[in-house]
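Numbering (the numbering used here), first residue to last: 298 to 473. Cβ atoms here follow ideal geometry from the backbone N, Cα and C, with glycine treated the same way. Working notes for the structure below.
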């Protein structure tokens, strides 16, 4: 009888619970230990740049520390720092490198045959998965390698920003 009264009284208090209201550890990871800032959001196609210290120039303009998307302009002359879909800074590009080796593969007959074969295999697998009620495989969403980094070069007194997405690499600099 005493045990029943104790449990009822504990459950009446809003701040005290016998068991936590939600699991504290999910999927073997401690909540808050995931480094989500290293990976861009699903709807974003730009690499994420993490700036640890505030960057300021001689005119007093500052870029606060935070996580930014780094985009390359259409004419490939500028890198654009984006936060919450707003351009924060425009950085001139001083070097760009485009890997042309993948473009020759597009016109290669062997590569085309291999792509057709993979498409047939995926279609066959999707038919089987559809019968069993499993989610279909979508080959259209290829993973594109993307990376952005920033480092301070003390010899020149500037920040070197490196942008890489797919076959395009670009380098920009901020005088700091």
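- Inter-residue distance for residue 342 and residue 451 is about 32 Å (C-alpha atoms, whole angstroms).
- Excluding sequence positions up to five before and after residue 441, its CB lies within less than 7 Å of the CB of 462, 463, all in the same chain and listed in chain order.
- The DSSP assignment places complete beta strand (DSSP E) segments of no fewer than 3 residues inside the region 364-441 at 375-380, 383-395, in order along the chain.
- Of all alpha-carbon atoms in 359, 427, 411, 387, the one lying nearest the alpha-carbon of residue 370 is that of 387.
- In the structure shown, residue 452 falls within a coil segment according to DSSP collapsed to helix, strand and coil.
- In the three-state DSSP reduction, residue 343 falls in the coil class, being neither helix nor strand.
- DSSP places residue 469 in the uninterrupted beta strand (DSSP E) bounded by 465-472.
- Going by beta carbons, residue 385 and residue 378 fall inside the 8 Å limit.
- Sorting 406, 352, 390 by C-alpha distance to the C-alpha of residue 372 places 390 at the top.
- The shortest C-alpha to C-alpha distance from residue 351 to any of 362, 409, 428 is the one to 362.
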